[in-house]
Amino acid sequence: LVGAMALAPRHAEILRLLGSALAMQGRHGEAAANLREAIALQPDDALAHNSLGNALGRLGDKAGAATAFARACTLAPDLAPLWYNHAKALCEDLRNEEALPVLERATQLAPDNLRAQFLHAHALRVTGRFAESAARYRRILAQHAAAEAWLGLANLKNQRFDANDVAAMERIARADLGVDDRNSILFALARGYEDLARYDDAFHTYLAANASVRRHRPWDAARFSARVDAILAAFTPLPVGGLALRNRIVI
Numbered sequence: 003l004v005g006a007m008a009l010a011p012r013h014a015e016i017l018r019l020l021g022s023a024l025a026m027q028g029r030h031g032e033a034a035a036n037l038r039e040a041i042a043l044q045p046d047d048a049l050a051h052n053s054l055g056n057a058l059g060r061l062g063d064k065a066g067a068a069t070a071f072a073r074a075c076t077l078a079p080d081l082a083p084l085w086y087n088h089a090k091a092l093c094e095d096l097r098n099e100e101a102l103p104v105l106e107r108a109t110q111l112a113p114d115n116l117r118a119q120f121l122h123a124h125a126l127r128v129t130g131r132f133a134e135s136a137a138r139y140r141r142i143l144a145q146h147a148a149a150e151a152w153l154g155l156a157n158l159k160n161q162r163f164d165a166n167d168v169a170a171m172e173r174i175a176r177a178d179l180g181v182d183d184r185n186s187i188l189f190a191l192a193r194g195y196e197d198l199a200r201y202d203d204a205f206h207t208y209l210a211a212n213a214s215v216r217r218h219r220p221w222d223a224a225r226f227s228a229r230v231d232a233i234l235a236a237f238t239p240l241p242v243g244g245l246a247l248r249n250r251i252v253i
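Residues 3 to 253 (the working numbering) make up the sequence shown, in order.
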């Protein structure tokens, strides 16, 4: 690519490929600069906008990433990965409501994309559409014995598991699972035992789940306490007018 750049320094396709290569090396700032130059030369290149969105996301510019992905979707409306990338960027920017129609399109174009299905169910949950979220998780489970889907259902507090659900989760828990799936199914299964009033089973399953998490994700209690103390210190004494706001929700 460097040799090609020497021969054609203002070639949009070469700049796009160079930007993508730089991004793969973790040089996201340089990648974004090259991709912007490529877009200036060829503004209707959906893949360049998509690559720019990826680079901006890595740089922490979530809003910029969402804008780039939106443009990519406009230019190539039938490419499912672009819609998933756009929805993911919106969710990461906490714009879950905006993400819902984008996720509808992503899952229509690629119904077998489990990541899009999970993201859709999550976005429905965090926007308060609990019944739709549950239906989406159930739709996933009808095709895949996915531990993550069971955990998603467990996080919907207005949903209750029945004996058939618990039996299905127990079957998954007996399988050879990766760490994340193991943790997910144990927490979901514990919630299922609670719903069936099997409190002893629930307690021991929660113990096993928490022990697994601690084994693979060590928690430093002293460090956490120090962080809490630092946050409290930053607001002590309360700012002017702070007393009037005490015990009230502030956004």
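Every residue, glycine too, gets a C-beta built ideally from N, C-alpha and C.
- Message: Taking 7 Å as the limit between beta carbons, can you name the residues of its chain near leucine 54, skipping five residues before and five after?
- Response: Ala34, Leu37, Arg38, Ile41 and Ala70
- Message: Is proline 103 close to the ligand ZN? I mean its beta-carbon at under 7 Å from any heavy atom of the ligand.
- Response: This structure simply doesn't include the ligand ZN, nor any ligand for that matter.
- Helix, strand or coil at aspartate 203 [DSSP, three-state]: helix
- Query: Is DSSP giving tryptophan 221 helix, strand or coil here?
  - Reply: coil
- Measure the C-alpha to C-alpha separation of aspartate 46 and aspartate 197 and round it to an integer number of angstroms. 54 Å
- Among Ala89, Asp114 and Arg162, which one has its Cα closest to the Cα of leucine 126? Ala89
- Entirely enclosed beta strand (DSSP E) segments - the stretch 154-184, minimum 3 residues: none
- Query: Under three-state DSSP, which class holds valine 252?
  - Reply: Here the model assigns valine 252 a pLDDT of 49, short of 50, so the residue's position is not dependable and the matter cannot be decided.
- Message: Spatial neighbours of alanine 151 within its chain, please: C-beta separation below 7 Å, excluding the five flanking residues on both sides.
- Response: Tyr139, Ile142 and Leu143
- Message: Between the stretch 178-185 and the stretch 162-169, can you find at least three pairs of beta-carbon atoms closer than 8 Å?
- Response: no
- Task: Have a look at Ala147, Thr109 and Leu155 and flag the residue whose alpha-carbon is nearest the alpha-carbon of valine 128.
- Result: Leu155
- Neighbour-count burial assignment, serine 227, 16 or more Cβ in a 10 Å radius: exposed
- Message: Please classify glutamine 119 as buried or exposed, where buried requires at least 16 neighbouring CB atoms within 10 angstroms.
- Response: buried
- Item | Spatial neighbours of alanine 68 in its chain, beta-carbon cut-off 6 Å, leaving aside the 5 residues before and after | Ala91, Leu92 and Asp95
- Task: Pull up the distance between the alpha-carbon of lysine 64 and that of phenylalanine 189, whole angstroms please.
- Result: 31 Å
- Message: Between Val230, Leu158, Arg117 and Leu116, which has its C-alpha nearest phenylalanine 132's C-alpha?
- Response: Leu158
- Query: Going by Cα to Cα distance, which pick from Leu77, Leu105 and Gln110 is closest to alanine 50?
  - Reply: Leu77
- Message: Do tryptophan 85 and arginine 60 have their beta-carbon atoms positioned less than 8 Å apart in this structure?
- Response: no
- Item | Alpha carbon of phenylalanine 163 to alpha carbon of alanine 199, nearest angstrom | 11 Å
- Backbone secondary structure at leucine 102 - three-state DSSP: helix
- Task: Give the DSSP-derived three-state secondary structure of histidine 122 in the structure shown.
- Result: helix
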